[in-house]
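Numbering of the sequence shown is given in numbering that gives the first Met the number 0, commencing with residue 0 and proceeding in unit increments. Cβ atoms here follow ideal geometry from the backbone N, Cα and C, with glycine treated the same way. Input: a single structure, listed below in structure tokens.
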Amino acid sequence: MAIPTIRRFLFGEPFPTSREAHERLDKVRALAVFASDPISSNAYATEAIMSVLLVLGTGALSMTLPLGLGVAALVLMVIFSYIQTIIHYPDGGGAYTVTKDNLGKIPSLIAAGALLTDYVLTVSVSSAAGVRAVTSAFPELVEYRVWMALAAILLITWVNLRGVRESGTIFAVPTYAFVGGVLLVIGIGLVRYWGWFGLTPIVPETHEMVEGAALSGFAYLWVLLRAFAGGCTALTGIEAISNGTKAFQAPESKNAAQTMVAMGVMAMALFIGITYLSTHLGLIPEASHGESILSQMTRQITGTGFLYYWVQIFTALILFLAANTGFQDFPRLSSFLSKDGFMPRWMQNRWDRLVYGSGIMTLAVVSSIIVIIFHADEIAMLPLYALGVMLSFSLSQAGMFRLMGRISKLKPGEVLETQYTRIHYETGTGWKRAVNAIGAVVTFMVLIVLIATKFTEGAWIVVVAIPLLVYMFNSIDHHYQEVKLGLRTKDLTSEDFPPIAEAVIIPIGDINRCSLQALRYAQRLSTDVRAVTIVTDQATLERFKIRWERFPEITEGIKLEAIFYDYRDILTPLVDYIKKVNTVEFPDQVITVVIPEFVSDNLMENLLHNQTANFLRTRLQVYQDIVIIDVPYQIGVTRKRHKEIPEVMAESPATSSKN
Numbered sequence: 000m001a002i003p004t005i006r007r008f009l010f011g012e013p014f015p016t017s018r019e020a021h022e023r024l025d026k027v028r029a030l031a032v033f034a035s036d037p038i039s040s041n042a043y044a045t046e047a048i049m050s051v052l053l054v055l056g057t058g059a060l061s062m063t064l065p066l067g068l069g070v071a072a073l074v075l076m077v078i079f080s081y082i083q084t085i086i087h088y089p090d091g092g093g094a095y096t097v098t099k100d101n102l103g104k105i106p107s108l109i110a111a112g113a114l115l116t117d118y119v120l121t122v123s124v125s126s127a128a129g130v131r132a133v134t135s136a137f138p139e140l141v142e143y144r145v146w147m148a149l150a151a152i153l154l155i156t157w158v159n160l161r162g163v164r165e166s167g168t169i170f171a172v173p174t175y176a177f178v179g180g181v182l183l184v185i186g187i188g189l190v191r192y193w194g195w196f197g198l199t200p201i202v203p204e205t206h207e208m209v210e211g212a213a214l215s216g217f218a219y220l221w222v223l224l225r226a227f228a229g230g231c232t233a234l235t236g237i238e239a240i241s242n243g244t245k246a247f248q249a250p251e252s253k254n255a256a257q258t259m260v261a262m263g264v265m266a267m268a269l270f271i272g273i274t275y276l277s278t279h280l281g282l283i284p285e286a287s288h289g290e291s292i293l294s295q296m297t298r299q300i301t302g303t304g305f306l307y308y309w310v311q312i313f314t315a316l317i318l319f320l321a322a323n324t325g326f327q328d329f330p331r332l333s334s335f336l337s338k339d340g341f342m343p344r345w346m347q348n349r350w351d352r353l354v355y356g357s358g359i360m361t362l363a364v365v366s367s368i369i370v371i372i373f374h375a376d377e378i379a380m381l382p383l384y385a386l387g388v389m390l391s392f393s394l395s396q397a398g399m400f401r402l403m404g405r406i407s408k409l410k411p412g413e414v415l416e417t418q419y420t421r422i423h424y425e426t427g428t429g430w431k432r433a434v435n436a437i438g439a440v441v442t443f444m445v446l447i448v449l450i451a452t453k454f455t456e457g458a459w460i461v462v463v464a465i466p467l468l469v470y471m472f473n474s475i476d477h478h479y480q481e482v483k484l485g486l487r488t489k490d491l492t493s494e495d496f497p498p499i500a501e502a503v504i505i506p507i508g509d510i511n512r513c514s515l516q517a518l519r520y521a522q523r524l525s526t527d528v529r530a531v532t533i534v535t536d537q538a539t540l541e542r543f544k545i546r547w548e549r550f551p552e553i554t555e556g557i558k559l560e561a562i563f564y565d566y567r568d569i570l571t572p573l574v575d576y577i578k579k580v581n582t583v584e585f586p587d588q589v590i591t592v593v594i595p596e597f598v599s600d601n602l603m604e605n606l607l608h609n610q611t612a613n614f615l616r617t618r619l620q621v622y623q624d625i626v627i628i629d630v631p632y633q634i635g636v637t638r639k640r641h642k643e644i645p646e647v648m649a650e651s652p653a654t655s656s657k658n
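What follows is the structure, encoded as structure tokens:
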């Protein structure tokens, strides 16, 4: 099966660019695509709070609900801030765009680095958490968790390469099945806990009280802050919709804002319900890779029947598919950065199915490496995960705080064009700024707590990675600025170009159809054509000359340069000769190097050939005054012609008469 056929089978027929609007998402699909991460984080956010509180003993688990309500309040503030972002920045870009427009270049690059880190960890954590849900129901699969997580990343990568709309259709079922299943469990749990409708009351689990560390004062407060910071994993993915506003059907901003509200309602209903029941049912988080809190809660409420496995199956699926938030936003943010010159230009390219394929593939590779390093342990990765989230939230809300300040100075009817949007007078800017300010301060405090408490547990990786990413962004930008300066045509005249020398050099190792074709081509370019061959002894040279002289009509007038070299590296003497011609014989002039190479219509066969030509081309490309021309010879055409010769002979009159 040919490569194009395999590609079409795996990814489908290519979409024309004109179909881009058709590929946009309605609100139902968009919720599944962009909100699967914040919705699915409820499967482990409560457990993250409880795991920290256990330091104080099992009695401290009663603080889970108050801390959870605090997290829910923060979620609502952040959602409000991002709704404002969607309204004021309808072209998308989220925290990066807001920060660049209001706080400047460096803060925006810090936000971008934090977001890219967050999206990578979204994929890693979500796939690992999905595996945890599977192994909670089937403990015998624990030893295969890394392979299962990698398989999940591979599957989601494939789905996303098939197109945004198609991925939304595929992800809608598990997303809504998870929400429906968990809400049903919560509903049954509340009814049974309160003793309504005559259902069998739930008897809370009783555990032997375990004493923890006897802390007081600041130490006690510090543990509570750590627990609150752990619960802030419920905030992950909230910004996704604001980054992908342009993926929505028109009117984009309105549909995106409504989807954001729906996401917030669903996510907080799940989070508060799970937190309330898990604390009132006396659940205690188990050790790493043990049964999850959600699994314990569902089992205690419904038993191990159909609904239990429904929740576990769709919990695993949505946790796996929550990685799709990263697959949607990492490529989009990369394209924004690429457009502004901070990432490679090819990150803007749309592949056949109108997706940012380069960003998708980059994300898949990096997140897979993270999964392998952390052995698919989502609890170990959570400190890294929340760090980038909180940093981007702080910067985004600080940016919106400043934007609201700029809006507050406008008079009715007055309009101001910023770098990325148009703002006008609006009411309520005072309380909007207050919400943004509180959100920015609280998320920044959570960031500080995470850095201080989780630094040695892996958070240092993000602390180091974000500045390195900012350095990379600036380096790429500096390179593109230099390229732009070097390519500009202002004040350019024909005298600014170096003269082109007559010399044409052809490196050849043997006389064959490929090299002879290149020699014929070179003769059309110049009268000073030089064929260069590397030989190890006189006998080799004599054999070469015999083959050379067989084609005088082609080789006549071409100078044969034989270079004796007693080592296996033939590229060094070739490059040295070409450099000598370029710098000594024709200084400050352009010379031409013609490289003969044969190619096949089979990709695997091409891997067996032309490596010397590729290496030579790479070494010569760094020189400004050397032009390289490839002269390919199609092996497949010759092979086909040779196969047809016996058939022609079989059909000839002479052959027929003998029969």
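Residue pairing from DSSP places LYS558 in a beta bridge opposite ARG529. Rounded to the nearest whole angstrom, the CA to CA distance from ALA218 to ARG225 is 11 angstroms.
Across the structure, VAL51 and LEU64 are spaced so that their CA atoms are roughly 13 angstroms apart. CA-to-CA, the gap between SER407 and TYR95 works out to about 22 angstroms. Between the stretch 428-436 and the stretch 357-369 there are fewer than three C-beta pairs closer than 8 angstroms, too few to call the two in contact.
Judged by pairs of C-beta atoms under 8 angstroms, the stretch 92-107 touches the stretch 329-342, as three or more such pairs exist.
The beta-bridge partner set that DSSP reports for GLN620 is empty.
Contact between the stretch 499-515 and the stretch 415-435 is not established, with fewer than three Cβ pairs separated by less than 8 angstroms. For GLN633, there is no enclosing alpha helix (DSSP H); the enclosing beta strand (DSSP E) covers residues 625-633. Contact between the stretch 170-190 and the stretch 27-47 is present, with at least three C-beta pairs closer than 8 angstroms. Contact between PHE329 and GLY69 does not hold, since their C-beta atoms are separated by about 30 angstroms, which reaches or exceeds 8 angstroms. A contact is defined here as three or more CB-CB pairs under 8 angstroms, and the stretch 230-248 meets this definition with respect to the stretch 312-330.
Close CB contacts of PHE170 within its chain, under the 7 angstroms cut and outside five residues either way in sequence, are with ALA31, VAL32, SER35, LEU320 and ASN323 (chain order). Apart from sequence neighbours up to five positions away, the residues of its chain that approach ALA397 with a beta-carbon distance below 7 angstroms are LEU102 and ALA439, ordered along the chain.
DSSP, reduced to helix, strand and coil, places PHE597 within a strand of the structure shown.
The DSSP-derived three-state label of PHE137 is coil. Remark: C-beta atoms of GLY508 and THR532 approach each other more closely than 8 angstroms. A straight line joining the alpha-carbon of TYR576 with that of ASP568 spans about 14 angstroms.
Here the stretch 40-55 does not lie against the stretch 246-255, with fewer than 3 beta-carbon pairs under 8 angstroms apart.
The residues ARG28, in chain order, have a CB closer than 7 angstroms to that of THR168 in the same chain once the five nearest residues on each side in sequence are set aside. The three-state secondary structure of VAL202, taken from DSSP, is coil. With a contact defined as Cβ atoms closer than 8 angstroms, ALA451 and LEU383 miss out at about 15 angstroms. If you look at GLU251, you'll find it in the alpha helix (DSSP H) that goes 251-279.
By the beta-carbon neighbour count (other beta carbons within 10 angstroms, threshold 16), TRP430 is exposed. Sequence-distant partners of LEU149 (beyond 5 residues in either direction) whose C-beta falls short of 7 angstroms from its own C-beta, in its chain, are SER367 and VAL370.
Taking a cut-off of 8 angstroms for Cβ pairs, the stretch 262-277 and the stretch 38-46 touch, as three or more such pairs fall below it.
GLU46 and ALA233 have their C-alpha atoms roughly 11 angstroms apart. For THR278 and THR314, the gap between their C-alpha atoms comes out near 20 angstroms. The three-state secondary structure of ARG487, taken from DSSP, is coil. Residues of the same chain with a CB within less than 7 angstroms of the CB of ALA363, apart from the 5 flanking positions on each side, are ILE152 and THR156 in chain order. The straight-line gap separating the alpha-carbon atoms of SER123 and ILE460 is approximately 15 angstroms. PRO506 sits in a strand when the DSSP states are folded into three classes. When the Cα atoms are used, ARG542 and SER333 turn out to be separated by approximately 56 angstroms. Under the DSSP assignment, LEU415 falls in the beta strand (DSSP E) whose first and last residues are 414-416.
In the three-state scheme derived from DSSP, where H, G and I count as helix and E and B as strand, VAL589 is classed as strand. The secondary-structure analysis by DSSP pairs VAL534 across a beta bridge with PHE563.
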